[in-house]
Amino acid sequence: MSQHESGPGATEAGIVAGGQADGTGSPASPGGSQPLQSHGWNSVPLSLLNAVLEGSSTVVTILAIVLAVVIGGLLIAFTSPPVLHAWSNLFSAPGAAFSQAWDVAASAYSAMFEGAIINPHTISAAFHGGSTAAIFNPLSETTVNATPLILAGLAVALAFRAGMFNIGATGQFIGGAFFAGWIGFAVHLPLVIHVVVAVIAGFVGGAIVGAFVGDLKARTGAHEVIVTIMLNYVMEYLLLFLLGLAAFRAAGSPNPISPPVQNNAMLPLLAGHNLRINAGFLVALAAAAAAAWLLGRTTLGFELRTVGANQNAARAAGMSPEKTWVRVMLICGGLAGLAGASVVLGSDFALTPQIYGTYGIDAITVALLGRAKPGGVVLAALLYGSLNAGSVTMQAQTQIPVDIATVIQALIVLFVAAPPFVREVFRLRRRRAGSEEQLLAKGWSS
Amino acid sequence: MECGPFAREAALQLELRGITKRFGSLVANDSIDLTVESGEIHALLGENGAGKSTLMNVLYGLLQPDSGEILLDGKPVTFHNSREALNAGIGMVHQHFMLVPVFTVAENVMLGVERTTVLGLLNRRRARKDVLELSARYGLAIDPDALVADLPVGIQQRVEIVKALHREASIVILDEPTAVLTPGETNELFRIMRELQDSGKSIIFISHKLKEVQEIADRITVIRRGRVVGSPPPSATDEELASLMVGRAVELKVHKEPAHPGEVTLDVKGLHVENAAGRFVVNDVSLEVHAGEIVGIAGVQGNGQTEFCEAIMGLQHVVAGKITVAGKDLTGAKTRAVLESGVSYIPEDRQEDGIVEQFSLADNLVLDLYNRPPYASGAVLHLDAIRESATKHMQDYDIRATSIDMTVGTLSGGNQQKVIVARELGRDVVLLVANQPTRGLDVGSIEFVHSQIVSARDHGTAVLICSTEIDEIYALADRIVVMYEGKIAGERPPTVSIEELGLLMAGAGTSTPVVEVEPV
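Going line by line, the protein sequences match chains A and B.
Quick note on our numbering: the first sequence kicks off at 37 and runs consecutively.
Quick note on our numbering: the second sequence kicks off at 1017 and runs consecutively.
Here's what the structure looks like:
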């Protein structure tokens, strides 16, 4: 059977013959099959089809987003009083019930789109003498929202790849925000240098917290999940305590808020004073590129991936998982610290007790959605950033609460975390062994 | 006539017709026909992944065939689960035992078919009686009150057989039963199999070991790539059987010139290694391996061989003793230092320790070399060099994969092992430590790995092989050392008889003075 070639009109049996080239795969590990072999002109559509049928990670992720948006739309529609009223008259006016539901969901999503990507009204306004900056405001807001998510998401993703579950992005974020903020308001440095030093301080602040976690795990075997969760509380209360001290509190302020960051330390705006998009976004993209380079092109990245995928093999190959954990957590902490710096130097401009928001937790979902790959994290963070930015406009225009964005985000993650469910819904064929999913699953459970 | 509770009126004739079973795109069984007459020992011979176990799982109701039918005494039957198969008189002893270690033998035997007393309590006495009766009838010699955890593997296997008999099986499937046994235990198993046969039971014996099949089987069916490729008589020669199995002529004996041992390369003195419980798993082991010779450590699994190899590699904490490689003290050295001293390591469990399944072929081929030139300088990997050497290794070592970017987890076991062998032997090697280098491999792959190891020896590498396969020890070793319970039970030349070796492996040699390795 191994000699057969599966032609363009390959039947099931033909696929069998072509895919199982050496025929030695054992039934216990039916992973021997390759995607359809290429056969000239038809290879591209075939491989595309194959990807869809197999339910590749990317396809599943996109379908999960689609599914979440559909369910989100139903939620929007059926929590709206006019829709519910229309549905109570379903039998007398069935058309109205459906059109009402459609209208509400559609207007909510179009408002969200206008807030996150582009608003057509601003374009026509620009032609009539309005501001051109307004056209780009939604995109600018999306990047501002996405910047800390990219950085914190990378902090979780890199740890994932090393087989660790970094729930401590919050604590590392606080470490970074505090260092960056303190340099920002308490030290006087010249232009350019000040912001560079402050950003580096942000990395250092997060790295200290991260390395501490890695060191505890390496030395004592303490599980990073427990350590990072606990450190999040420690860092949250430490921040509150420090902001209560006179040294870190704005003069004369009754609230635990730091003095404002000096102008020199602010991340420079990239597109004029009317748009909030700032250099933090570039820092985030550079960090993602650096993370990709680290993973694929360096010995440390090789060690990190090996330790993450198979600790025993790593040891047998002469690597030290312990050293790797410390190094990886140092870098991850630094990345989360950069996220803190991007917020305090780029959008908030002062330390507040709640500056960490939900970035550290959202980072986990972003990393998961991005399949723990730097490029994926950037895309996932942009999606989340756009949902966050769009939901504000949606609430302003349609009175639908911003929380619906959180619900959609949660649904996406739920579906991404449950690929078999998504495959079932979309009738995809089962995926074969040896995928990234297993790596992620390992990351969750170990 | 015997007509106790465990004997059926008549033994069954079994027929499988056109059984086909697919797993996705893989055809594990391709219209297989098989007839097992009542009271015969029928061997299913085939390489790993040939589809033997799949076929038996279909027969035992664990898998549903895509097409084909099962006939018992000419009547078609379908089994939706193993209970239905058991009720029809088919029992199976799996390769990995399905016993509860903390239960006694009797409790394990009654598990699933518990009888209760009038008060609704478990009738343990009845179970004990049943075990004793079966044990006596078939000469099994099992203590019904022993805890399974305390029993050696060979006896645990008998418990599995008793379980099948207790459920009134007249056809007993034994899936690779000898894989875990010493030669002595294997002989004992064969005796039991003949007892069963004499009392009218049929036995389906699954194996990839030629000698065992020749010794015990009445009839042989050879399966290759999911198809029946022949039914040679048991009198067929090794070569005939092997070539049927593999599909080409196979050289069973590695071609090997006499060794020319040189300087002492590996020198281990008084090595002690503890397990987690603080017991010595390697207890005062001293051993020398010279350049250009292969020393084979024989022993039943779990007698300290693995820990010994791992201690040399810096993967186990050395409590006492000294390890020297080519004059360099490597006691307690880190694994990386050991590797960089020119030691290569083929670990026992390839998927656990030897490869990273999610990684590409190229990445796996530099798994323990990635940080050295030419594959890296400083912190930066040289992907071109890695890919270039991977392409070369893939050709040199005949790794069957579509490209060097293929995920290693999708390769067959034999090809995975070739990846490890290529990585570990494809560089300058002073000492090769190979633990079970051909475990689970088929005849063709074994032939390849063995020839590579011998050729490394001929190039002056000192080789230390641990194996639980006696055949492998005989095929490779220039000197044989037997380990038993963490100690060296004796050293013998490769001309030693299999009986003597079997006794040493079973610990019988420890009552006589231990033959110390002679210092050179």
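We put the beta carbon where it would ideally sit given N, CA and C, even for glycine.
Neighbours of B/E1368 in chain A, taken as residues whose beta carbon is under 8 Å from its own, are N346, N348, A349 in chain order.
By the C-beta density criterion, A/Y273 is exposed, having fewer than 16 other C-beta atoms within 10 angstroms.
Looking at B/F1039, B/E1184, B/G1077, the one whose alpha-carbon comes closest to that of B/G1216 is B/E1184. Chain-order list of chain A residues neighbouring B/I1371: N346, A349, by C-beta distance under 9 Å. For B/R1033, the uninterrupted beta strand (DSSP E) segment begins and ends at 1030 to 1039.
The continuous alpha helix (DSSP H) containing B/S1461 extends over residues 1459 to 1474. 9 Å or more divides the Cβ of A/M355 from the Cβ of A/V364.
For B/F1095, no beta strand (DSSP E) encloses it, and the DSSP letter there is neither H nor E. Here B/M1114 is exposed. Its C-beta has fewer than 16 other C-beta atoms within 10 Å. Taken in chain order, the whole beta strand (DSSP E) runs of length 3 or more contained in the segment 1094 to 1172 of chain B are 1106 to 1109. Nearest CB-CB separation between A/G337 and chain B: below the 9 Å threshold. If the five residues before and after B/P1160 are omitted, its C-beta is found closer than 8 Å to the C-beta atoms of T1120, V1121, A1122, V1125, A1143, R1144, V1147, L1148, S1151, all from its own chain and listed in chain order.
Only buried fits A/L419, as 16 or more other CB atoms lie within 10 angstroms of its CB. Counting only Cβ-Cβ distances below 7 Å, B/A1327 has no contacts in chain A at all, with the closest Cβ about 13 Å away.
If you draw a straight line from the Cα of B/I1208 to the Cα of B/S1483, it is about 26 Å long. Within the segment 347 to 373 of chain A, N348, A349, R351, A352, A353, G354 place their CB atoms closer than 7 Å to a CB of chain B, listed in sequence order. Interface criterion not met: the Cβ of B/R1495 is under 9 Å from no Cβ in chain A.
Cβ-Cβ distances below 7 Å link B/T1070 to K1037, A1044, N1045, L1079 in the same chain, with the five nearest sequence neighbours on each side left out; the list follows chain order. At a cut-off of 3 residues, the continuous stretches assigned as beta strand (DSSP E) that sit fully inside the segment 1400 to 1458 of chain B are 1447 to 1451.
The alpha carbon of B/D1283 has as its nearest neighbour, out of B/S1302, B/G1370, B/Q1213, the alpha carbon of B/S1302. Burial check for A/L126: the Cβ neighbour count within 10 Å stays below 16, so the residue is exposed. Taking C-beta atoms under 8 Å as the contact rule, A/A104 and A/I444 qualify, at a distance of about 5 Å. Per DSSP, the beta bridge partners of B/T1237 are B/L1060. Not a single CB atom of chain B sits nearer than 9 Å to the CB of A/G406.
CA-CA distance, B/V1289 to B/V1297, rounds to 6 Å.
Bridge partners of B/A1314 according to DSSP: B/S1483, B/V1498. Between B/E1304 and A/A352, the alpha-carbon positions lie close to 23 Å from each other. Beta-carbon to beta-carbon, A/A237 and A/G376 are separated by about 10 Å, too far to satisfy the 8 Å threshold. Beta-bridge pairing by DSSP links B/V1175 to no other residue.
The C-alpha of B/A1524 is placed about 30 Å away from the C-alpha of B/P1274.
If you draw a straight line from the Cα of B/Q1374 to the Cα of B/N1073, it is about 28 Å long. For chain A, the residues of the segment 1372 to 1396 of chain B that bring a beta carbon within less than 7 Å of one of its beta carbons are V1372, E1373, Q1374, F1375, L1383, D1384, Y1386, N1387, A1392, A1395, V1396, in chain order. Spatial neighbours of B/S1467 in its own chain (CB-CB distance under 7 Å, excluding positions within 5 residues in sequence) are listed in chain order as V1270. Counting only residues of its own chain and dropping the five nearest sequence neighbours on each side, A/Q136 has a CB closer than 7 Å to the CB of P118, V119, A122. For B/R1352, the chain A residues whose C-beta falls within less than 7 Å of its own C-beta are G354, listed in chain order.
Residue pairing of B/E1507 in beta bridges, as defined by DSSP: B/V1497.
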